[in-house]
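Enquirer:
There are 2 protein chains.
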Amino acid sequence: MSRGSLPQFDPGDRPAGERLPEATVSRLPVYLRVLAGMAERGVVTVSSDQLAAGAGVNSAKLRKDLSHLGSYGIRGVGYDVDYLIYQVSRALGLTQDWPVVIVGAGNLGRALANYGGFVTRGFRIAALLDSDPAIVGSRIGRVAVRHSDELEDLIVRHKVAIGVIATPGGAAQAVCDRLVAAGVTSILNFAPVVLNVAEGVDVRKVDLSIELQILAFHAQRRSAERNGPPSEDELRTVSEGAGLPSVPGGASRLSTAAAVPSAAEA
Amino acid sequence: MSRGSLPQFDPGDRPAGERLPEATVSRLPVYLRVLAGMAERGVVTVSSDQLAAGAGVNSAKLRKDLSHLGSYGIRGVGYDVDYLIYQVSRALGLTQDWPVVIVGAGNLGRALANYGGFVTRGFRIAALLDSDPAIVGSRIGRVAVRHSDELEDLIVRHKVAIGVIATPGGAAQAVCDRLVAAGVTSILNFAPVVLNVAEGVDVRKVDLSIELQILAFHAQRRSAERNGPPSEDELRTVSEGAGLPSVPGGASRLSTAAAVPSAAEA
DNA sequence: ACGCCTTTGTGAACCAATGCACAAAGTCGT
DNA sequence: ACGACTTTGTGCATTGGTTCACAAAGGCGT
Ligand SMILES: NC(=O)c1ccc[n+]([C@@H]2O[C@H](COP(=O)([O-])OP(=O)(O)OC[C@H]3O[C@@H](n4cnc5c(N)ncnc54)[C@H](O)[C@@H]3O)[C@@H](O)[C@H]2O)c1
Ligand SMILES: NC(=O)c1ccc[n+]([C@@H]2O[C@H](COP(=O)([O-])OP(=O)(O)OC[C@H]3O[C@@H](n4cnc5c(N)ncnc54)[C@H](O)[C@@H]3O)[C@@H](O)[C@H]2O)c1
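If you read the protein sequences in the order shown, they are chains L and C. Position 114 of the first sequence, counting from 1, maps to 114 under this note's numbering, and the rest follow consecutively. Convert by adding 266 to the 1-based position in the second sequence; the result is the number in this note's numbering.
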C-alpha cells in the first residue's frame with residue numbers, strides 16, 4: 001500500500017539506463033492487462049506467482065521482466081497493483097496519448113475503427129482514410145472517413161507517430177512509403193505483404209493466414225505422432241493420412257507440381 | 267528445371283526425423299507467400315539471396331531454415347520455385363484442407379468471414395457461429411451464421427481441428443473450453459484475454475492493442491534518444507516531454523495513481 | 001572435357017532468452 | 001523484540017536462435 005521504505009518520490013530505481021529486452025517488452029502489455037483487471041476487482045497487492053498465473057507465464061520470468069523496470073516489489077508481500085500499473089505504463093510509453101491513423105476503411109479498417117479496446121489504452125484514432133470516393137465522408141463509430149489525399153497533412157497536423165495499414169496488399173507498400181515520408185516511424189501492417197522500410201522505422205505485422213498456417217503445422221505434427229510414433233523407416237507415408245481432413249490433390253512428386261493454389265490474395 | 271540429379275521420386279531427404287525449430291516454422295509461411303508471388307510472375311528459379319530479400323530476412327537464415335526441410339537447392343543455381351513451394355507446403359501441412367470454425371460474428375468475425383486470403387491457402391470456413399439470435403441466419407459472404415449451440419455438433423461432423431475465437435473477452439474462455447472439449451486442438455484467439463488450456467492444445471493470439479503498445483514503446487524510445495541522448499543524471503524528466511504528443515495527466519507519483527484508464531475492454 | 005564461377009549447406013562463434021534455485025529482504029504474529 | 005515465513009531479485013547453467021564465413025557442389029561457358 002504505502003510504498004514503505006522506497007527512496008520516496010517516484011524513484012525510477014533503474015531509470016533509462018539499460019534497454020528492455022525485446023521479449024520483455026512484448027510481455028509487458030499482457031501484464032498490464034491482467035493488472036488492470038485486478039485493479040478493477042479491487043485487488044491491492046499481487047505476488048509474482050499470482051500475476052504470472054494470470055498472464056500465463058513462468059513466475060521467474062515475470063520477476064525478471066519486472067526487475068528490468070526497477071525494484072518495485074516488496075519482499076514477503078508482492079507488488080502494489082496500482083503502482084505497478086503506473087510503472088509498466090510508464091515503461092511502455094503509455095502515460096502519453098498516441099494519435100493513430102488508419103489507412104483503408106474496408107471490412108477490417110471499419111472493424112478496427114469500431115473497436116473499443118483501441119481507445120481504452122492511450123490510443124486515439126486521429127484519422128481514418130480511404131481512397132474510394134464512395135466511402136469517403138461516411139462515418140464509422142465516431143470517426144469520419146477522409147480521403148487518403150489528406151494523409152500527409154493529417155499526419156503532420158496531428159503529430160501522428162503510429163500508422164495502421166488496412167488496405168489491400170497491392171497498395172500497402174505505397175501507403176507505407178507515404179506514411180514514412182510524412183514522419184510516421186511505427187507501422188502496424190495487416191496487409192499480407194512484406195514491407196520495405198528505411199532503417200529506424202518499426203514495422204509490425206498482423207497476419208491471419210500466417211497464424212493459421214502455423215497452427216496447421218502444429219496440428220499436423222500432433223496428429224501425425226498420435227497416429228503413428230515417427231518410426232525410423234516410414235519416409236513418404238508419414239505426410240499422407242496424417243491429418244483428420246481429406247487430402248485434395250494426391251501430392252504428385254515432380255518439380256512441376258504447383259501444390260498450392262497460388263493466387264496472390266487481394 | 268528438371269530436378270537434375272536428385273535421388274528421384276520425392277526424396278524427402280530429411281523426412282520426419284527432426285523437429286523444425288519454432289522460429290523456422292513461423293517464417294515458412296512468409297517464404298511461401300513470396301514464392302507464390304514469384305511463381306505467378308513466371309519465375310522458375312530463385313537464389314537464397316533473392317528469396318531472402320523478398321522475405322526481408324538474412325539469406326543465411328533462409329538457407330538454414332530450408333535446410334531443415336531437406337536439401338532441395340541446386341548449388342550454383344538456386345531453388346526451383348514450384349518444387350520449393352510444394353516442399354514448404356508439405357512441411358506446413360498445407361497439402362491437406364483444413365476446415366475452420368469461427369466463433370463470434372461481430373465486426374471482426376464478419377471481416378474474417380469475408381476475407382479472401384482465408385480460403386486461398388488450404389483453409390475453409392466450415393462454420394460461423396454466434397449466440398445472438400438476431401444475427402443467426404444471416405449470411406456473410408458465402409457462409410451462413412449458425413447458432414453457437416451447434417458448436418459441438420458442427421465440429422465433430424466437419425472434423426474441425428482449428429477454431430477462431432472472435433467473441434468479446436468475457437465469453438472467450440467459455441468458448442475455448444467448449445472448442446477443446448469438442449476436439450479442437452488449435453485455437454486462434456482475437457479476444458484480449460489469456461486463455462487457459464490443457465496441455466497439448468495450441469493457442470495463438472492476435473492482439474491489436476498489444477501490438478500498438480509495443481509500437482508505442484519503440485516510438486517513445488526513439489523520440490527519447492533523439493531529443494536527448496540518455497545522459498546520466500536525468501531521472502524523471504526523461505519520460506516526460508519525450509514523445510511528440512501531449513501528456514494528459516501529469517503522472518502523479520504515489521501509489522494511488524492509477525495512471526491507466528483501467529477499463530476492461532469489452 | 002575442363003576449369004571457372006556461382007550458390008548451397010553447415011560448422012562454429014556469438015547473442016538472447018528461459019528457468020532453476022537460493023540468498024537477502026522484509027512482513028507479520030506473538 | 002524477535003524469529004518464522006513469505007516472496008523478491010538475480011547468478012548461473014541451459015537452451016534456442018542468429019550470423020559469419022567457407023568448403024564442397026555443381027552448372028555453364030569455352
Ligand atoms: N478482413 C480480414 O479479416 C483480414 C484478415 C487478415 C488480413 N486482411 C488484410 O487486410 C487488408 C484489408 O482487408 P479488408 O478485408 O478490409 O479489405 P477491403 O477490400 O474490404 O478494404 C480495403 C480498403 O482499402 C481501400 N484502399 C485501397 N487502396 C487504398 C489506398 N491506396 N489508400 C487508401 N485506401 C485504399 C479500399 O478502398 C478499401 O476500402 C487486406 O490487405 C487484407 O488482405 C484482412
Ligand atoms: N474489432 C476489432 O478490430 C478488434 C481488434 C482486436 C481485437 N478485437 C477483439 O475481438 C473480439 C470481437 O470483436 P468485435 O469487434 O467483432 O466485437 P463485436 O461485439 O462486434 O462482436 C462479438 C460477437 O460475438 C458474439 N458472441 C458473444 N458471446 C458469444 C458466445 N458465447 N458464443 C458465440 N458468439 C458470441 C456477439 O453476439 C457478437 O456478435 C473482441 O474480443 C475484441 O476485443 C476486435
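Backbone N, C-alpha and C define an ideal beta-carbon position, used for all residues, glycine too.
1) Give me, in chain order, the residues of the same chain whose beta-carbon lies closer than 6 Å to that of residue 401 (chain C); leave out the 5 immediate sequence neighbours on both sides.
2) So what does DSSP say about residue 373 (chain C), is it helix, strand or coil?
3) What does the alpha-carbon distance come out to for the pair residue 141 (chain L) and residue 33 (chain L)?
4) Let me check you understand the geometry: is the CB of residue 267 (chain L) closer than 7 Å to at least one non-hydrogen atom of ligand 2?
5) Quick one: grab the DSSP three-state call for residue 509 (chain C).
6) Here's the rule I'm using: 16 or more other beta-carbon atoms within 10 Å means buried, otherwise exposed. How should residue 462 (chain C) be labelled?
7) Look up residue 135 (chain L) in the DSSP assignment and say whether it is helix, strand or coil.
8) What runs of the alpha helix (DSSP H), each 4 residues or longer, lie entirely inside the region 128-206 of chain L?
9) DSSP on residue 45 (chain L), reduced to helix/strand/coil?
10) Under 8 Å between C-beta atoms, does residue 162 (chain L) make it to chain C?
11) Can you grab the Cα-Cα spacing for the pair residue 352 (chain C) / residue 221 (chain L), in whole Å?
12) Grab me the residues of residue 49 (chain L)'s own chain with a C-beta within less than 7 Å of its C-beta, minus the 5 sequence neighbours each way, in chain order.
13) Could you name the residues of the region 307-341 of chain C whose beta carbon sits closer than 8 Å to any beta carbon of chain L, in the order they occur along the chain?
14) Using a Cβ-Cβ cut-off of less than 7 Å, list which residues of the region 442-454 of chain C approach chain L; keep chain order.
15) Between residue 420 (chain C) and residue 444 (chain C), which are expected to be in contact by the criterion C-beta below 8 Å, what is the C-beta distance as a whole number of angstroms?
16) Is the separation between the beta-carbon of residue 94 (chain L) and that of residue 482 (chain C) shorter than 8 Å?
17) Looking only at its own chain, which residues have a Cβ that is under 7 Å from the Cβ of residue 528 (chain C), when we skip the five neighbours before and after it?
18) Note down, in chain order, every chain C residue with its Cβ under 8 Å from the Cβ of residue 114 (chain L).
19) Which chain L residues sit within Cβ distance under 9 Å of residue 368 (chain C)?
20) Check whether the Cβ of residue 433 (chain C) lies closer than 7 Å to any heavy atom of ligand 2, and answer yes or no.
21) Given a cut-off of 8 Å on the beta-carbon distance, is the pair residue 185 (chain L) and residue 175 (chain L) in contact?
22) Which value, in whole angstroms, describes the spacing of the CA atoms of residue 270 (chain L) and residue 19 (chain L)?
23) If we cut at 8 Å on Cβ distances, does residue 245 (chain L) have a partner in chain C?
24) Could you name the residues of chain L that residue 292 (chain C) contacts, counting a contact when the two beta carbons are closer than 8 Å?
25) Could you tell me whether the Cβ of residue 129 (chain L) comes closer than 8 Å to any Cβ of chain C?
26) Please report the distance separating the alpha-carbon of residue 322 (chain C) from that of residue 194 (chain L).
27) Taking 7 Å as the cut-off, is the CB of residue 132 (chain L) close to at least one heavy atom of ligand 1?
28) Let's test the definition: count the other Cβ atoms within 10 Å of the Cβ of residue 189 (chain L) and tell me whether it reaches 16, buried, or not, exposed.
29) Please name the residue in L:223, L:159, L:192 whose C-alpha comes closest to that of residue 489 (chain C).
30) List the residues of chain L whose Cβ lies closer than 7 Å to the Cβ of residue 484 (chain C), in chain order.
31) Rounded to whole angstroms, how far is the Cβ of residue 383 (chain C) from the Cβ of residue 209 (chain L), which I believe are closer than 8 Å?
32) Can you tell me the Cα-Cα spacing of residue 327 (chain C) and residue 180 (chain L), whole angstroms?
33) May I have the straight-line CA-CA distance separating residue 511 (chain C) from residue 374 (chain C), to the nearest angstrom?
34) List the endpoints of the continuous beta strand (DSSP E) containing residue 78 (chain L).
35) Identify which residue in C:396, C:304, C:347 has its Cα closest to the Cα of residue 437 (chain C).
36) If you check the beta carbons only, do residue 124 (chain L) and residue 99 (chain L) fall under 8 Å apart?
Expert: Let me lay it out:
1) In the same chain as residue 401 (chain C), and ignoring 5 residues on each side of it, the C-beta atoms closer than 6 Å to its own belong to 371, 411, in chain order.
2) DSSP places residue 373 (chain C) in helix when its eight states are reduced to three.
3) Rounded to whole angstroms, residue 141 (chain L) to residue 33 (chain L) spans 24 Å at the Cα level.
4) No answer is possible for residue 267 (chain L): the residues shown for chain L start at 1 and end at 266.
5) With a pLDDT of 37 at residue 509 (chain C), under the threshold of 50, the predicted position of this residue should be treated as unreliable, and no value is reported.
6) Residue 462 (chain C) is exposed by the Cβ-count criterion.
7) The DSSP-derived three-state label of residue 135 (chain L) is coil.
8) Those alpha helix (DSSP H) runs which fall completely within the region 128-206 of chain L and span 4+ residues are 151-158, 169-181.
9) Taken through DSSP and simplified to helix, strand or coil, residue 45 (chain L) comes out as strand.
10) At least one beta carbon of chain C lies nearer than 8 Å to the beta carbon of residue 162 (chain L).
11) When rounded, the distance between both Cα atoms is 17 Å.
12) Annotation for residue 49 (chain L): 59 place their beta carbon closer than 7 Å to its own, counting only its chain and skipping 5 residues before and after.
13) Within the region 307-341 of chain C, the residues whose Cβ lies closer than 8 Å to some Cβ of chain L are 320, 321, 322, listed in chain order.
14) Listed in sequence order: 451, 452, 454.
15) The Cβ separation is near 11 Å, so there is no contact.
16) Yes, these two residues count as a Cβ contact at 8 Å.
17) Confidence is the limiting factor: at residue 528 (chain C) the pLDDT is only 39, short of 50, which leaves the residue's position unreliable, though a coordinate-based value still follows. Nothing listed; no residue qualifies.
18) Neighbours of residue 114 (chain L) across chain C, judged by C-beta separation under 8 Å: 373.
19) The contact set of residue 368 (chain C) on chain L, defined by CB atoms closer than 9 Å, is empty, because the minimum CB distance reaches about 11 Å.
20) Look at residue 433 (chain C): its beta carbon is less than 7 Å from one of the heavy atoms in ligand 2.
21) Cβ distance not < 8 Å, so residue 185 (chain L) and residue 175 (chain L) don't count as in contact.
22) The structure shown does not extend to residue 270 (chain L), since chain L spans only 1 to 266, so no value can be given for it.
23) In this prediction, residue 245 (chain L) has a pLDDT of 44, which is less than 50 and means its spatial position is unreliable; what the coordinates show is noted afterwards. Chain C, which has a Cβ nearer than 8 Å to the Cβ of residue 245 (chain L), makes this yes.
24) For residue 292 (chain C), the chain L residues whose Cβ falls inside 8 Å of its Cβ are 210, 214, in order along the chain.
25) By this cut-off, residue 129 (chain L) is not an interface position.
26) Each residue's alpha carbon lies about 7 Å from the other.
27) Result yes, Cβ under 7 Å from ligand 1.
28) It is buried - the Cβ of residue 189 (chain L) has at least 16 other Cβ atoms within 10 Å.
29) The shortest CA-to-CA distance from residue 489 (chain C) to any of L:223, L:159, L:192 is the one to L:159.
30) Ordered by position in chain L, the residues that pass the 7 Å Cβ test against residue 484 (chain C) are 186, 202.
31) Right, their Cβ atoms sit about 5 Å apart.
32) A direct Cα-to-Cα measurement between residue 327 (chain C) and residue 180 (chain L) gives close to 28 Å.
33) Because residue 511 (chain C) sits at a pLDDT of 44, beneath the cut-off of 50, its placement in the model cannot be relied upon, and the point is left open.
34) According to the DSSP assignment, residue 78 (chain L) belongs to the beta strand (DSSP E) that extends over 78-80.
35) The residue with the shortest Cα to Cα distance from residue 437 (chain C) is C:396.
36) Yes, these two residues count as a Cβ contact at 8 Å.
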